[in-house]
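Written below as structure tokens is the structure these notes are about.
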Amino acid sequence: MNPELKTLISLQQLDLRIRELSAQIESLPAEILRLEKELTEFIRAHEERRQRLAANQKERRELESEVQMVRGRISKHKDQLYEVKTNEQYRAMLKEIEGEEGNIGRLEDQVLEKMIEAEDLQTRVAEAATKLEGEKARTVAEKERLEAIQRADTQERDRLAAERREKAATLPEQVLNTYERVRKARGGVAIAMVRDGLCTACHVVLRPQLYNEVRTNEELHECENCSRILYAPEPSPAEAEASGQPAVTQ
């Protein structure tokens, strides 16, 4: 294979891996932020339930206190029944007692609602409290894991970038400029394999003469449709032996 073509193929592989690593490195801060946000939301929801439970208990105590006050007024009104002078006053007092008893019924219904709500809140608060330390530990561990990946990816990207610079420096300026121009124009992919007479990047059929020239891998050729630099896969030693072609040496 033409040494420049071989270098370009290697350069393309490096560029694709560097791009993959860069994308992952750039995505990790958002993933770490998502983890931290999830923990913050968990803690916020837990604290809101605790506050709601405390408020529920306070409201329940106030309702129970109000029930006792109403019961006290009813007891007082019943005592006053013996002191009224007329039937009209007696009926008015009974009506007032009836109204107060109705108030007790409504208040006791509200107390029951608070008790049911408190039971649910207590269960959820207890469950969240049990999970909280585990959620904190999980978040810390996952954050450390992602940060370790980020550091490793950054180191690997830097190593590959240095290797890329070394390989790029061995290419003639014109060849490297062509590669960079096509790579920029074609979404980062400047090299394409040909197979069965097709450019595998744009899937256009090559002219027979161009296809035959590309198959030799002796010179640089560009796809007449997408401008990518073309190469043909070389047979493995076993394939070369079976077909009678000379074996490929790396």
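In our numbering, the protein residues as written are -6 to 243.
Backbone N, C-alpha and C define an ideal beta-carbon position, used for all residues, glycine too.
DSSP-derived helix/strand/coil call for residue i
i, result
"residue 185", "strand"
"residue 38", "helix"
"residue 215", "strand"
"residue 198", "strand"
"residue 270", "Outside the displayed range of the chain (-6 to 243) lies residue 270, so it cannot be described from this structure."
"residue 164", "coil"
"residue 228", "coil"
"residue 75", "coil"
"residue 62", "helix"
"residue 86", "helix"
"residue 96", "helix"
"residue -5", "coil"
"residue 179", "coil"
"residue 80", "helix"
"residue 170", "helix"
"residue 210", "coil"
Neighbourhood of residue i by C-beta, 6 Å cutoff - its chain only, sequence neighbours within 5 removed
i, result
"residue 111", "49"
"residue 168", "-3"
Exposed unless 16 or more other CB atoms sit within 10 angstroms - verdict on residue i
i, result
"residue 210", "buried"
"residue 122", "exposed"
"residue 8", "buried"
"residue 207", "buried"
"residue 145", "exposed"
"residue 4", "buried"
"residue 175", "buried"
"residue 74", "exposed"
"residue 194", "buried"
"residue 109", "exposed"
"residue 42", "buried"
Beta-carbon proximity list for residue i, same chain, < 8 Å, skipping 5 on both sides
i, result
"residue 104", "53, 56, 57, 60"
"residue 0", "160, 163, 164"
"residue 97", "60, 63, 64, 67"
"residue 100", "56, 59, 60, 63"
"residue -5", "210, 211, 212, 213"
"residue 201", "190"
"residue 181", "8, 9, 12"
Same chain, Cβ closer than 7 Å to residue i, neighbours up to 5 away in sequence not counted
i, result
"residue 143", "18, 21"
"residue 198", "190, 191"
"residue 158", "none"
"residue 2", "184, 224"
"residue 204", "187, 190"
"residue 45", "114"
"residue 135", "28"
Distance, residue j Cα to residue i Cα
i, j, result
"residue 220", "residue 183", "8 Å"
"residue 278", "residue 15", "Any question about residue 278 goes unanswered here, given that the chain covers just -6 to 243."
"residue 173", "residue 125", "52 Å"
"residue 13", "residue 212", "29 Å"
"residue 84", "residue 77", "10 Å"
"residue 106", "residue 115", "14 Å"
"residue 90", "residue 102", "19 Å"
"residue 196", "residue -3", "24 Å"
"residue 82", "residue 94", "18 Å"
"residue 24", "residue 147", "16 Å"
"residue 119", "residue 38", "13 Å"
"residue 217", "residue 11", "28 Å"
"residue 222", "residue 33", "51 Å"
"residue 35", "residue 127", "12 Å"
"residue 51", "residue 113", "16 Å"
"residue 30", "residue 170", "45 Å"
"residue 138", "residue 131", "10 Å"
"residue 141", "residue 150", "14 Å"
Identified DSSP bridge partners for residue i
i, result
"residue 70", "Answer by DSSP bridge pairing: none, since residue 70 is not bridged."
"residue 222", "184, 215"
"residue 191", "188, 198"
Residue i Cβ short of 8 Å to the ligand SAM heavy atom set
i, result
"residue 97", "This structure simply doesn't include the ligand SAM, nor any ligand for that matter."
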